[in-house]
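If you read the sequence shown in numbering that gives the first Met the number 0, its first letter stands for residue 0, the second for the next number, and so on.
Each residue gets a CB set at the ideal place from its N, CA and C atoms; glycine is no exception.
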Amino acid sequence: MDAVSKALKDITLARGRKAEDKFFEAMRTSASADMPRWFRSVRRPTFKEDRYEGKDAVIETTDVGKLFLQIKSSKAGETHFKKSRHSRRNKFISVIVILERDTLEDVRIKARVALSQLRQEILNKRNITEW
Numbered sequence: 000m001d002a003v004s005k006a007l008k009d010i011t012l013a014r015g016r017k018a019e020d021k022f023f024e025a026m027r028t029s030a031s032a033d034m035p036r037w038f039r040s041v042r043r044p045t046f047k048e049d050r051y052e053g054k055d056a057v058i059e060t061t062d063v064g065k066l067f068l069q070i071k072s073s074k075a076g077e078t079h080f081k082k083s084r085h086s087r088r089n090k091f092i093s094v095i096v097i098l099e100r101d102t103l104e105d106v107r108i109k110a111r112v113a114l115s116q117l118r119q120e121i122l123n124k125r126n127i128t129e130w
């Protein structure tokens with residue numbers, strides 16, 4: 000890898016890490032009233048969950064178990080992830096894009112929307128397969 004490519008990769012990784020840090024700060028500073036009743040907790044992934052399964056955040060719920068988020072810092076990153084092996088292997092990873100200009104409240108709203116949609120997909124799938 001040449002110096003320019005390495006520098007671009009380092010910048011991209013730093014932006015991604017900053018987006019992840021912003022997500023966890025938003026979750027840490029939210030009041031319990033800001034999150035749905037089914038939301039129990041959020042944590043960073045284990046090495047295996049992150050590296051081999053493409054999970055950036057693990058959300059514990061009261062009813063559907065764990066929900067997983069992939070956090071991106073750009074729409075291009077989201078598109079790339081959706082074409083990746085992680086996305087193809089696990090349809091129940093939701094992607095949120097956290098931009099530099101997003102406030103912590105913006106991040107919480109994005110997380111609530113994405114997690115609510117993902118949870119509903121799981122509930123719908125359960126209802127179909129229970130018959």
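Taking all protein chains shown into account, do 16 or more other C-beta atoms lie within 10 angstroms of the C-beta of residue i, making it buried, or fewer, making it exposed?
| i | result |
| --- | --- |
| residue 94 | buried |
| residue 66 | buried |
| residue 62 | exposed |
| residue 122 | exposed |
| residue 213 | This structure cannot speak to residue 213, because the chain is shown only from 0 to 130. |
| residue 26 | buried |
| residue 109 | buried |
| residue 113 | buried |
| residue 101 | buried |
Looking at residue i: is its Cβ nearer than 7 angstroms to the Cβ of residue j?
| i | j | result |
| --- | --- | --- |
| residue 70 | residue 19 | yes |
| residue 106 | residue 23 | no |
| residue 41 | residue 56 | yes |
| residue 39 | residue 60 | yes |
Ends of the alpha helix (DSSP H) at residue i?
| i | result |
| --- | --- |
| residue 36 | Per DSSP, residue 36 belongs to no alpha helix (DSSP H) and is neither H nor E. |
| residue 4 | 2-27 |
Determine the closest residue to residue i out of the options, with distance taken between C-alpha atoms.
| i | options | result |
| --- | --- | --- |
| residue 53 | 120, 43, 62, 61 | 43 |
| residue 99 | 83, 72, 111 | 72 |
| residue 75 | 45, 1, 15 | 15 |
| residue 77 | 91, 119, 36, 96 | 96 |
Checklist entry - Enumerated in chain order, which unbroken segments of the alpha helix (DSSP H) with a length of 4 residues or greater are wholly contained in the region 50-123? => result 74-81, 84-88
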